[in-house]
Structure formats: C-alpha cells, structure tokens
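Colleague: Numbering (the working numbering), first residue to last: 4 to 352.
All residues carry an ideal CB built from backbone N, CA and C; glycine is no exception.
My structure is below; once you've seen it, I'll send some questions.
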C-alpha cells in the first residue's frame, strides 16, 4: 500500500476533486474558445456517454483495458517500481492470446479454451516483464529505462511475427480465435447495452482490481509493499528483497497482459497491429488518479473512458485530441495538489 493509500481519506480525495474540477473548467474554456456554449458541450458530452445505455456501454468498453493497465502500474508502484512497459506487455500478450485462441481445436470445451487464452496472456505478460525485472533486481538498472526500450522492441517483434506467418495473407491480423475462447458481450445479460462493445472483461477487470487491493492488505503480497517502502529494513529482517522486486514487476506484467481480454477476447476476436494501443500509457494516468485504492482505480478508468468516448460525442464541435490534453491536465493537477498538501506537513517537521 502506497503512502497515499495510508493517508486520511480527505487527503486522498482532495487532489482527485481538484483534478476533476480543473478538468471541467478547462473543458468549458475550450468550448468557449471554439465558439460553443460550455453548457451545451457538457450536455452533449454527457448525452454521448452516460446519457444512454449504448454510450455507457462504450465507456465501460474503453475503460476496461485502462483498468487492467492501471492495476498493473499500481501494483508496481506499491513495490516502489514504475512500470512504463505496460504498453508492450499488453501488445505481446494480446498476440499470444490471439494465437493460442486461434490454434485451439474446435472441440475444445469452453472452460479449457478460456483457461488456455488467459494463461497465455498472463504468462507472456509476465515473461515480457522478466528482463527489466531481473535487470533491476540484479544490476540495479532502472525499470523506466528498460521498459521504455522494451515498448519499442515489442512494436518491432509484433510486426516481424505477423509478417512471418502469424497474420492472414495480405493482412496485419491473426486468424479469428475459437468462439469458445471469446468473452461474452454484456448486452447478453443487459439487453439495453445492445450495440455497445462492453464485454465481461470489464467485470473481470474490476475483480482483478479488488483482488489486488485485498491482496496487498491481507496476504503475503503486502511484503512487496514493505520492500518498496524500506528495502534496507526488509533485507535486515531476512526478506529476499531482490526476489520480491523481480516478482512485483513480473506480476505487474502479468496483470497488464490481461488487458488482452478486453481487446482480443471481448471485442475483435483476433489481434492486429495497433489493437489496444495507448492503454498501457493510459494505465499510468489511471494508477496516479486511482490513489492506490480499488475504487479509485475503477473510478479513474471510468473517468478516462468517459473522456475517450466523450471525445467522439463532441468531435463535431471541438477536436477530440482535446480530451488527451484534459487527461494530462488531470494528472498534473493531482500531482500539484499532492505537493500543496505535503508542503504544510514538511514545514511542521
């Protein structure tokens, strides 16, 4: 659990409130600059997202990979690590899940098919995070450097893999996965969501966020947080610090790999270049805004999912790229509010 997670509720909630208010004010200013009524633009954004069942479903769909990535980054942060490589981990895990799902026998029972593709995503995500984990644990090489490089390597390897026979002839996509390996759409349970791309992957993502939250409080995962807080004290107490550092980053990579369930298993049914791009970097924003709490992570993912879907709703009036700017502003405001709250504490010591 991070320092922010142990802070009083007000100290954790205030920076988020500042970020949300600041984002709202900036959106209104942008609408005014473009000659639009801020009130009308806000109403249109709400109508295109939470104002209809379809819009809400699309928000859930866009929030799902962000939530997986946010939990992955948060797990690393709790251990004192900064996993910037979720983007690459998601990409290679997505290709692995799609490849395994396409190779399954048509007679494969649904539980086994799902187990196979989930295992592929988890294992490949963890393995892709292993080199940075080992370099950090054994040689002290900072994971930000190695994971950034790995993102570029992942892009090249994916292109090479698809060009080497994994893609359908003349395309940059794999074959379709076995239907038994696909996750059901939420509209099968909630008919009002019909037409949206929301799938059971969102429920899974929420479950992973809750499990991680509970795990860091009531299981041996708490040891990862202790290592992140004070590695010297942990080493003196006999905790294998280097092993825990490597385990934390690999666990982060495995969770990031599960984002493939939203894009490959719950949406496209295959992998193609660019599928899910941006989710890994968006996960960093989700982790920062989530404040080390499961509810915070879910809320942050929904917030950014709303901005993404809302950008489509107001694109006729303001550039959708404005939403990316708003995401960045939200993170800056959280950091600024944190610093402002910490200043009196430092002055009093």
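Run the CB neighbour count on residue 86, radius 10 Å, all protein chains shown included, and call it buried at 16 or more, exposed below.
Modeller: Taking the first residue of the chain shown as position 1, residue 86 is located at position 83. Buried.
Colleague: Between which residues of its own chain and residue 118 is the CB-CB distance below 8 Å, once the five residues before and five after are set aside?
Modeller: The residue labelled residue 118 in the question sits at position 115 within the chain shown. Correct list: empty, nothing qualifies.
Colleague: Indicate whether residue 180 and residue 73 have their beta-carbon atoms separated by less than 9 Å.
Modeller: Here the question's residue 180 lines up with position 177 in the chain shown. Here the question's residue 73 lines up with position 70 in the chain shown. Against a cut-off of 9 Å, the Cβ pair of residue 73 and residue 180 comes out as no contact.
Colleague: Less than 7 Å between C-beta atoms, sequence neighbours within five positions excluded: which residues of the same chain meet that for residue 56?
Modeller: Taking the first residue of the chain shown as position 1, residue 56 is located at position 53. Cβ within range, chain order: 195 and 196.
Colleague: From the DSSP output, which residues share a beta bridge with residue 202?
Modeller: Within the chain shown, residue 202 is the residue found at index 199, counting from 1. According to DSSP, residue 202 bridges with 188.
Colleague: Looking only at its chain, what residues have a beta carbon closer than 8 Å to the beta carbon of residue 84, apart from the 5 residues adjacent to it on each side?
Modeller: Position 81 of the chain shown, counted from the first residue, corresponds to residue 84. Hits under 8 Å: 139, 146, 231, 248, 251, 252 and 255.
Colleague: Identify which residue in 193, 275 and 107 has its Cα closest to the Cα of residue 173.
Modeller: The residue you call residue 173 lines up with position 170 of the chain shown. Closest option to residue 173, Cα to Cα, is 275.
Colleague: Thinking C-beta only, is residue 281 closer than 9 Å to residue 90?
Modeller: For the purposes of this step, residue 90 is identified with residue 87 of the chain shown, where counting begins at 1. For the purposes of this step, residue 281 is identified with residue 278 of the chain shown, where counting begins at 1. Yes, the Cβ-Cβ distance between residue 90 and residue 281 is below 9 Å.
Colleague: Starting from residue 149, trace the alpha helix (DSSP H) in both directions and tell me its first and last residue.
Modeller: As a working note, residue 149 is residue 146 in the chain shown. First-last of the alpha helix (DSSP H) with residue 149: 146-164.
Colleague: Does the pairing of the stretch 259-275 with the stretch 202-217 give three or more beta-carbon distances under 8 Å?
Modeller: Flag = yes, the stretch 259-275 and the stretch 202-217 touch.
Colleague: Measuring CB to CB, does residue 18 end up less than 9 Å from residue 30?
Modeller: Here residue 18 corresponds to residue number 15 of the chain shown, with the count starting at 1. Here residue 30 corresponds to residue number 27 of the chain shown, with the count starting at 1. Cβ distance not < 9 Å, so residue 18 and residue 30 don't count as in contact.
Colleague: Which residues bound the alpha helix (DSSP H) around residue 317?
Modeller: The residue labelled residue 317 in the question sits at position 314 within the chain shown. Run containing residue 317: none; DSSP gives neither H nor E here.
Colleague: Where do the N-terminal and C-terminal ends of the alpha helix (DSSP H) with residue 226 fall, by residue?
Modeller: Here residue 226 corresponds to residue number 223 of the chain shown, with the count starting at 1. Counting along the chain, the alpha helix (DSSP H) containing residue 226 begins and ends at 225-232.
Colleague: Does the beta carbon of residue 165 fall short of 8 Å from some heavy atom of the ligand ZN?
Modeller: Looking at this structure, you won't find the ligand ZN or any other ligand, since it has none at all.
Colleague: Considering only their Cβ atoms, is the gap separating residue 297 from residue 333 smaller than 9 Å?
Modeller: For this step, residue 333 is matched to residue 330 along the chain shown. For this step, residue 297 is matched to residue 294 along the chain shown. Not closer than 9 Å, so no.
Colleague: Check whether the Cβ atoms of residue 26 and residue 316 lie closer than 9 Å to each other.
Modeller: Position 23 of the chain shown holds residue 26. Position 313 of the chain shown holds residue 316. Their beta carbons are not under 9 Å apart, which means residue 26 does not touch residue 316 by this criterion.
Colleague: So, under 8 Å CB-CB, residue 301 and residue 70 are touching, yes? Tell me the CB distance rounded to an integer number of Å.
Modeller: Taking the first residue of the chain shown as 1, we reach residue 301 at position 298. Taking the first residue of the chain shown as 1, we reach residue 70 at position 67. Between residue 70 and residue 301 the Cβ distance is about 6 Å, and since that is below 8 Å, they are a contact.
Colleague: Would you report the Cα separation of residue 76 and residue 88, rounded to the nearest angstrom?
Modeller: Position 73 of the chain shown holds residue 76. Position 85 of the chain shown holds residue 88. About 9 Å.
Colleague: Leaving out five residues on either side along the sequence, give the residues of the same chain with a beta carbon under 7 Å from the beta carbon of residue 291.
Modeller: Within the chain shown, the letter at position 288 stands for residue 291. Once the five neighbours on either side are set aside, the close Cβ partners of residue 291 are 334 and 337.
Colleague: Which residue spans inside the stretch 248-299 form an unbroken alpha helix (DSSP H) run of at least 4?
Modeller: Complete alpha helix (DSSP H) runs here, min 4: 282-293.
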